[in-house]
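Novice: The opening residue of the sequence shown carries number 1210 in this note's numbering; numbering runs sequentially from there.
Ideal Cβ placement from N, Cα and C applies to all residues, glycine included.
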Amino acid sequence: MKPSKVTHLTAKAQSPVLPTRRDIRFDLPAEHIADWNKGSVHLSQFMNTLSIFFPVGERFFIDAVRQYRDQITDPELQKAVTAFIGQEAMHGREHEEYNALLFARVPEAAQVERFVFALLENVKKLPPRMRLSATIALEHFTAIMADGLLGDERLLDGAEPHFARLWRWHALEETEHKAVAFDVWDTVMGRGTAAYLERSAGMVLATVIFWSIMIPAYLAVIRREGKLTDLKGWRYFFQQSFTKVPFFPGLLRPYLDYFRRDFHPWDHDNRHFLEQIDGTLGELRAAA
Ligand SMILES: [Fe+2]
Ligand SMILES: [Fe+2]
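1) Are the CB atoms of aspartate 1356 and leucine 1286 within a distance shorter than 8 angstroms?
2) Listed by chain order, which residues have C-beta atoms less than 7 angstroms from any heavy atom of ligand 1?
3) From arginine 1234 to glutamate 1303, what distance separates their C-alpha atoms?
4) Is asparagine 1331 helix, strand or coil when you go by DSSP?
5) What does the alpha-carbon distance come out to for the pair isoleucine 1242 and threonine 1258?
6) Using CA atoms only, rank isn't needed, just tell me which of Ala1373, Glu1330 and Glu1306 is closest to isoleucine 1261.
7) How many Å lie between glutamate 1322 and arginine 1374 at the Cα?
8) With a Cβ-Cβ cutoff of 8 angstroms, do lysine 1288 and leucine 1227 count as a contact?
9) Mapping DSSP to helix, strand and coil, what is alanine 1368?
10) Look at the alpha carbon of phenylalanine 1270 and the alpha carbon of glutamine 1448, and state the distance between them as a whole number of angstroms.
11) State buried or exposed for valine 1389, treating a residue as buried only when at least 16 other CB atoms are found within 10 Å of its CB.
12) If you measure from the CB of phenylalanine 1270, is any heavy atom of ligand 2 nearer than 7 angstroms?
13) I'd like the span of the alpha helix (DSSP H) that includes glutamine 1485, first residue to last.
14) Just to confirm, is the Cβ distance from aspartate 1466 to aspartate 1478 under 8 angstroms?
15) So, under 8 angstroms CB-CB, glutamine 1254 and isoleucine 1431 are touching, yes? Tell me the CB distance rounded to an integer number of Å.
16) Output the residue ranges of the alpha helix (DSSP H) runs that lie fully inside the region 1405 to 1451 and measure 4 residues or longer, sorted by chain position.
17) I need the boundaries of the alpha helix (DSSP H) containing alanine 1298, first residue and last residue.
18) At a cut of 8 angstroms, does the region 1333 to 1349 reach the region 1408 to 1424 through at least three beta carbon pairs?
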């Protein structure tokens, strides 16, 4: 389907960072798929369940942005779009390998991926601007989770190093490209009331749909692990993500910022995390 007619082609990319595609492999150890984070099945499988969404989701993002590629005239944004597509393709590839380990252990996880794939195939039938609106909403979600992960070392403290590096790399690149799809949206949709309402509605829908798949999927994975009634495991999970380490409560404010009319992803300037990229790459080279 061709993108609908656009009237705002003057907006410029507002992002201070140009992302870079990096072809990196992680060779995750299969034997730690269920307990790689601090030996906790609940913590590890939460992030594994999140990983189910990436290969199919990121392919959807790439397609949504690509539809508008020929309408981008700003050379900086053109470059950023190319790098965005390259980064998401690499994430998809590495998370596919990651997920193969999960699917071998938890067949329900593969069913979840098939379900998400079928759902996104239906979403693809919607007008291109709605697909882009879903993409920028989920990119914001990914960006604030990446920020939370990079901002609190305790989240990956004591994690198996291959898994920790993969998550750190993904979080860093999500930070690097967090505004690319948004800048494409700004360019083609502008800043009018209709664009604002459509962007906000996209976030509400994306949030409801994402969590209504994510939570049952996570519980199915935990059930397969035989840990559904493991209260000690649950207590540790809540301590490490809600209370002692307040990862989820910390997402609320940046999440709500999205609904500000003048919001832009780089309003939340966390560029300083990107200084970690060389360190993470150095660790990868040393481990190879
Ligand atoms: Fe990604
Ligand atoms: Fe992304």
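Specialist: So, to answer that:
1) No, the pair does not count as a contact, with Cβ atoms beyond the cut-off.
2) The answer, residue by residue, is Phe1263, Glu1267, Gln1296, Glu1297, His1300, Thr1351, His1379, Glu1382 and Glu1383.
3) If I take the Cα positions, the gap works out to 7 angstroms.
4) In the structure shown, asparagine 1331 sits in a helix (DSSP, three-state: H, G or I).
5) In this model, isoleucine 1242 and threonine 1258 are separated by some 11 angstroms (Cα to Cα).
6) With distances taken between Cα atoms, isoleucine 1261 lies closest to Glu1306.
7) Whole-angstrom Cα-Cα distance: 23 angstroms.
8) At a Cβ-Cβ threshold of 8 angstroms, lysine 1288 and leucine 1227 count as neighbours.
9) Looking at alanine 1368 - three-state DSSP - the assignment turns out to be strand.
10) For phenylalanine 1270 and glutamine 1448, the distance between alpha carbons rounds to 33 angstroms.
11) Per the 10 Å Cβ criterion, buried.
12) Yes; taking the cut-off as 7 angstroms, the Cβ of phenylalanine 1270 has a heavy atom of ligand 2 nearer than that.
13) Counting along the chain, no alpha helix (DSSP H) covers glutamine 1485, and no H or E run does either.
14) No, the Cβ-Cβ distance between aspartate 1466 and aspartate 1478 is not below 8 angstroms.
15) Rounded to whole angstroms, the Cβ separation of glutamine 1254 and isoleucine 1431 is 6 angstroms, and the two are in contact under 8 angstroms.
16) The region 1405 to 1451 is shown to contain whole alpha helix (DSSP H) runs of 4 or more residues at 1440 to 1450, in chain order.
17) Annotation for alanine 1298: the continuous alpha helix (DSSP H) segment containing it runs 1284 to 1314.
18) Three or more Cβ pairs drawn from the region 1333 to 1349 and the region 1408 to 1424 lie within less than 8 angstroms of each other, which places the two stretches in contact.
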